[in-house]
Amino acid sequence: MGRARIGSVGWLLVVFVISAIMLFALLYWLTGRYLLHEVDERLRGEFAEFHAIDRSQAITTIGALSRRDVASARPYGVFEANGTRLAGNVSVLPPEEDRKPFEYTETIRDGDSMVSAHYRGIIIPTTSGLRIVVGHSIGEVLSFDRTLLKTLCAGVALASLLALACGVALHRLANRRIAAIAETAREIMAGKLNRRLPQRGTHDDLDRLAAIVNTMLDEIERLVDEVRGVCAGVAHDLRTPMTSLRAGLERSRRRDDTADDYARAIDEAIAQSDLVLNRFTALLRIAEIESGSRRASFRRISLDAVMRDVAELYEPLAEHRQLSLTLDADVPVEVNGDFDLLFGAIENLVDNALKFTPEGGAVKLAAQIEDGQPVLVITDNGPGIAPAERGSVLRMFYRGPVSERSVPGHGLGLSLVAAIARVHDAAIEILDNDPGCRMQLRFPNRV
Numbered sequence: 001m002g003r004a005r006i007g008s009v010g011w012l013l014v015v016f017v018i019s020a021i022m023l024f025a026l027l028y029w030l031t032g033r034y035l036l037h038e039v040d041e042r043l044r045g046e047f048a049e050f051h052a053i054d055r056s057q058a059i060t061t062i063g064a065l066s067r068r069d070v071a072s073a074r075p076y077g078v079f080e081a082n083g084t085r086l087a088g089n090v091s092v093l094p095p096e097e098d099r100k101p102f103e104y105t106e107t108i109r110d111g112d113s114m115v116s117a118h119y120r121g122i123i124i125p126t127t128s129g130l131r132i133v134v135g136h137s138i139g140e141v142l143s144f145d146r147t148l149l150k151t152l153c154a155g156v157a158l159a160s161l162l163a164l165a166c167g168v169a170l171h172r173l174a175n176r177r178i179a180a181i182a183e184t185a186r187e188i189m190a191g192k193l194n195r196r197l198p199q200r201g202t203h204d205d206l207d208r209l210a211a212i213v214n215t216m217l218d219e220i221e222r223l224v225d226e227v228r229g230v231c232a233g234v235a236h237d238l239r240t241p242m243t244s245l246r247a248g249l250e251r252s253r254r255r256d257d258t259a260d261d262y263a264r265a266i267d268e269a270i271a272q273s274d275l276v277l278n279r280f281t282a283l284l285r286i287a288e289i290e291s292g293s294r295r296a297s298f299r300r301i302s303l304d305a306v307m308r309d310v311a312e313l314y315e316p317l318a319e320h321r322q323l324s325l326t327l328d329a330d331v332p333v334e335v336n337g338d339f340d341l342l343f344g345a346i347e348n349l350v351d352n353a354l355k356f357t358p359e360g361g362a363v364k365l366a367a368q369i370e371d372g373q374p375v376l377v378i379t380d381n382g383p384g385i386a387p388a389e390r391g392s393v394l395r396m397f398y399r400g401p402v403s404e405r406s407v408p409g410h411g412l413g414l415s416l417v418a419a420i421a422r423v424h425d426a427a428i429e430i431l432d433n434d435p436g437c438r439m440q441l442r443f444p445n446r447v
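All residue numbers for the sequence shown refer to the UniProt record's numbering, where the first residue is 1 and numbers rise by one.
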């Protein structure tokens with residue numbers, strides 16, 4: 001893997017160097033073109049001056065200009081149409097097209113030696129039939145091009161060295177981070193599900209990937225803990241009814257009972273079997289909800305209408321227990337969801353509230369909008385839920401001290417509510433009602 005990463009860094013460096021060379025080559029070419037274009041514009045500017053000049057004036061003017069051109073920077077020449085030179089310091093008439101700039105060389109004296117000089121020139125045809133050659137030295141342009149080329153080559157070399165240094169540094173840094181991530185991943189594979197990938201807070205690609213993986217690990221740890229809890233809970237929760245069922249059947253077998261006694265024993269066995277089956281049914285329903293298969297049937301649901309149906313269902317039970325059950329759902333509140341699932345969640349919450357609220361107490365249902373989010377609220381004035389228990393009551397088979405002492409149940413009601421909330425992307429909030437408990441389901445602000 002290390003060799004592969006080195007190879008990828010090497011390829012990136014090669015791509016960078018090639019890109020830099022291409023960029024600098026383009027800069028070099030454009031600069032040269034621009035400088036030559038400026039020279040060509042100056043040459044074309046002399047066309048109007050010489051195009052209409054007569055023969056004698058052309059010879060006189062060009063001769064004077066040539067004598068002033070001591071440095072041979074601006075050569076001029078006058079030629080007959082057949083190429084015979086009449087005046088100037090241009091030796092021959094170049095075989096080039098009229099009015100189009102071109103490059104040519106002249107051999108000139110530089111001190112005691114003869115050197116080749118490079119020029120940009122243009123041939124101007126006059127109305128008198130002559131050909132005037134106007135030149136402009138491009139020695140400085142070529143010198144500048146050479147200097148620019150050396151500078152760009154040095155820039156490419158320096159940029160390549162810097163890129164190589166940065167690549168090596170980034171490679172080592174990435175190696176350290178990947179090694180730390182790999183070490184943590186090995187610990188997680190060894191069973192330490194509470195370990196998380198390291199994050200540096202730099203919000204780069206590795207940090208974002210680590211954050212996503214850590215969120216996934218949080219959910220995996222929760223599910224594994226839940227599976228462990230379910231296994232332990234099922235074993236613990238079913239021991240009592242199964243033991244009672246076996247004991248009743250053993251007693252009936254040993255005793256010489258009447259037909260009525262056998263019927264009662266069978267009824268007790270059926271009741272214990274129903275208790276076990278009901279718990280398995282609740283577990284299967286939670287598993288079905290958490291699979292997310294019900295999301296396909298989601299549609300726009302009126303939350304206040306669901307709460308109204310639940311309130312009507314539980315109103316006789318509340319009256320029987322001498323409790324006040326009220327509903328505040330005057331404002332239409334809509335969510336995306338499954339009607340039956342939402343009904344089941346609200347039903348469980350209302351059932352819990354009625355169970356734990358003492359005689360003469362009050363249970364209130366409300367559907368409202370807070371900060372643009374639909375919120376379902378159920379309050380009671382019972383004993384409430386201690387802050388230390390609020391993180392546990394949503395676990396399967398968890399029963400708090402109050403419920404274990406006074407209220408029958410199997411500890412799956414709030415687990416079912418939590419599963420329904422998760423599939424609806426809703427958050428469960430357990431708060432104080434002073435006295436009592438305030439349960440809230442806060443839905444996302446989208447319909």
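All C-beta atoms in this analysis are idealised placements derived from N, C-alpha and C, irrespective of residue type, glycine included.
C-beta atoms of VAL134 and GLU38 nearer than 8 Å: no
Cα separation between GLU49 and TRP29? 32 Å
Find out if the Cβ-Cβ distance for the pair ILE378, LEU349 is shorter than 8 Å. yes
Three Cβ pairs or more, each shorter than 8 Å: is that satisfied between the segment 429-443 and the segment 378-395? yes
What residue range does the alpha helix (DSSP H) around ALA159 cover? 139-189
With 16 other CB atoms within 10 Å as the buried threshold, where does SER66 fall? buried
Within 8 Å, strictly: CB atoms of GLY121 and PHE144: no
Based on DSSP bridge pairs, tell me the residues matched to PRO125. ARG131
Taking the alpha-carbon positions, what's the ASN175 to ASP207 distance? 14 Å
On the DSSP letters alone, give me the boundaries of the alpha helix (DSSP H) that GLN322 sits inside. Looking at the DSSP string, GLN322 is not in any alpha helix (DSSP H), and its letter there is neither H nor E.
Does the Cβ-Cβ distance between ALA117 and ILE108 come in under 8 Å? yes
Below 8 Å on the Cβ atoms is my contact criterion, and I expect VAL213 with ALA20 to pass it. Report the Cβ-Cβ distance as a whole number of Å. At roughly 36 Å, the Cβ-Cβ gap does not stay under 8 Å, so VAL213 and ALA20 are not in contact.
For TYR119, list the residues DSSP reports as bridge partners. TYR104 and SER137
Cα separation between GLU404 and PHE356? Low confidence applies to GLU404: its pLDDT is 48, below 50, so where it sits in the model is not reliable, and the reading given next is rough at best. Those two C-alpha atoms are separated by around 12 Å.
Based on the DSSP output, what are the partners of GLU370 in its beta bridges? GLN373
Would a C-beta distance cut-off of 8 Å place ALA211 and LEU245 closer than the cut-off? no
Sub-8 Å separation of ILE18 and ILE132 beta-carbons: no
Thinking C-alpha only, which one of ASP340, LEU26 and ALA179 is nearest ILE289? ASP340
Quick one: what does DSSP say LEU365 is sitting in, helix, strand or coil? strand
Determine whether the beta carbon atoms of ALA271 and SER252 lie at a separation below 8 Å. no
Should GLY382 and GLY436 be called a contact, given that it needs their Cβ atoms to be closer than 8 Å? yes
Is it right to say ASN352 is buried, meaning 16 or more other beta carbons lie within 10 angstroms of its own, or is it exposed? buried
Give every residue of the same chain whose Cβ lies closer than 7 Å to the Cβ of ALA154, excluding the five residues on either side of it in the sequence, and list them in chain order. none
CB contact flag (VAL335, LEU365, <8 Å): no
Does the contact criterion of 3 or more C-beta pairs under 8 Å hold for the segment 74-91 versus the segment 135-142? yes
Exposed or buried, SER273, counting other C-beta atoms within 10 Å across all chains shown (16 or more means buried)? exposed
Rank ASP434, ALA388, ARG222 and PRO444 by C-alpha distance to the C-alpha of VAL375 and give the top, closest one. PRO444
Does DSSP put GLN272 in a helix, a strand or coil? helix
For the candidate residues GLY88, LEU86 and SER128, whose alpha-carbon lies nearest to that of ASP54? SER128
Taking GLU389 as the reference, give the member of ALA367, GLY372, LEU414 and ASP371 with the closest Cα. LEU414
Just reading off the alpha helix (DSSP H) that ASP351 is part of, what are its end residues? 339-356
Hey, quick one: how far does the alpha helix (DSSP H) through GLU429 stretch, first residue to last? No alpha helix (DSSP H) contains GLU429, which is instead part of the beta strand (DSSP E) from 427-432.
Using beta-carbon positions only, say whether LEU325 and TYR314 come within less than 8 Å of one another. yes
Compare the C-alpha of THR281 against each of THR105, LEU416 and PHE79 and name the closest. LEU416
What residue range is occupied by the uninterrupted alpha helix (DSSP H) comprising LEU417? Here residue 417 turns out to be Val, not Leu, going by the sequence shown. Here the alpha helix (DSSP H) through VAL417 covers 413-423.
Counting Cβ pairs, one atom from each stretch, are 3 or more of them under 8 Å apart for the segment 160-170 and the segment 79-99? no
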